[in-house]
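Heads up: the structure comes next, in structure tokens.
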Amino acid sequence: MMPKWMENKGEELGFLEVKYKKGRDELIYIMLAFVLVIIGIPLLWIFFIHLDNLKKWFLEIMELRENSEQEKLLVIAKSGEIVKRQYAASALVDLENNEIKDIIKEKIRTTKPNQYNAGVISFYGGLLTNIDDREEREKINRKELGIEKKKELVKESELPIVLAFIIKEEPQNKTCMVSKLVLNFQIDEIVICTNCRNYGKKELLKNWLIKTKKCPICNKQSNIDEFPVVIIRKNR
912 MMPKWMENKG EELGFLEVKY KKGRDELIYI MLAFVLVIIG IPLLWIFFIH LDNLKKWFLE
972 IMELRENSEQ EKLLVIAKSG EIVKRQYAAS ALVDLENNEI KDIIKEKIRT TKPNQYNAGV
1032 ISFYGGLLTN IDDREEREKI NRKELGIEKK KELVKESELP IVLAFIIKEE PQNKTCMVSK
1092 LVLNFQIDEI VICTNCRNYG KKELLKNWLI KTKKCPICNK QSNIDEFPVV IIRKNR
């Protein structure tokens, strides 16, 4: 059986061991907190400085974009800070600059594909897609515009050519080659067959030609557009 004084001594040693472990843990936590403060404050300071730079760059690029300063934007897009280059490239795409597509392609080609550059490649790829979509829309619009112009030209070419047969005096007692009734050159629209020199009311002759395709007098194959309208132009 262990003497009582030894039991008391063991309890005292156990208490001291627990106290030592507790003190050691507290010291470790204090040291970790100190390290985090030492590292964290500079990192936080760097973050706010970078955030301020981002704001300045953004406002600078927006001002250049509003003033359409494409030459300055091109310089930045080629050799500025990474984020600033991206701002400039985006602004040039909005301004529909002709050179930015080649710059974007070069950036994608020369950027090493890895986990760190994935965001950069994705950003420029999105801009390139926007340019391609816009060019495709412009191509479609040009094609549609070309079709519309062709339609207009076709319509103009399809307009009937009205021939005129000018005479100096009104013919007397001339009858219509279709109805055989006397013509009134002051009221009716009169046409003439240039082959047989007979007159006729245009509307009556038009209906006749739809059925027969021939002049009612000389049987010449004709359509109504080949019969000139008679115009009386008296000498003054």
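So for the sequence shown, my numbering puts the first residue at 912; every next one is plus one. Just so it is clear, CB atoms sit at the ideal spot from N, CA and C, and this is done for glycine as well.
- Around the Cβ of C1129, a 10 Å sphere holds fewer than 16 other Cβ atoms; the residue is exposed.
- Looking only at I1014, F1096 and E1047, the smallest Cα-Cα distance to V986 is reached by I1014.
- When secondary structure is reduced to three states using DSSP, V1031 falls in the helix class.
- Taking one beta carbon from each stretch, the stretch 1106 to 1118 and the stretch 1039 to 1047 have fewer than 3 pairs nearer than 8 angstroms; the two do not touch.
- In the DSSP assignment, V1089 falls outside any alpha helix (DSSP H), carrying neither H nor E.
- DSSP places F969 in the helix class (H, G or I) of the three-state scheme.
- In this structure, DSSP gives Q981 a helical state, which the three-state scheme calls helix.
- DSSP, reduced to helix, strand and coil, places I993 within a helical segment of the structure shown.
- Assigned with DSSP and collapsed to three states, K1125 falls in strand.
- With a 10 Å radius around the Cβ and a threshold of 16 neighbouring Cβ atoms, I1011 comes out buried.
- The alpha-carbon of E980 is positioned some 15 angstroms away from that of F969.
- V1093 sits exposed, since fewer than 16 C-beta atoms from the chains shown fall within 10 Å of its C-beta.
- In the DSSP assignment, K1112 falls within the unbroken beta strand (DSSP E) covering Y1110 to K1112.
- The straight-line gap separating the alpha-carbon atoms of N1106 and K1050 is approximately 53 angstroms.
- Between K1122 and I1135 a beta carbon distance of about 12 angstroms is seen, past the 8 angstroms cut, so the two are scored as non-contacting.
- Cβ-Cβ distances below 6 angstroms link F1076 to I1103, P1139 and V1141 in the same chain, with the five nearest sequence neighbours on each side left out; the list follows chain order.
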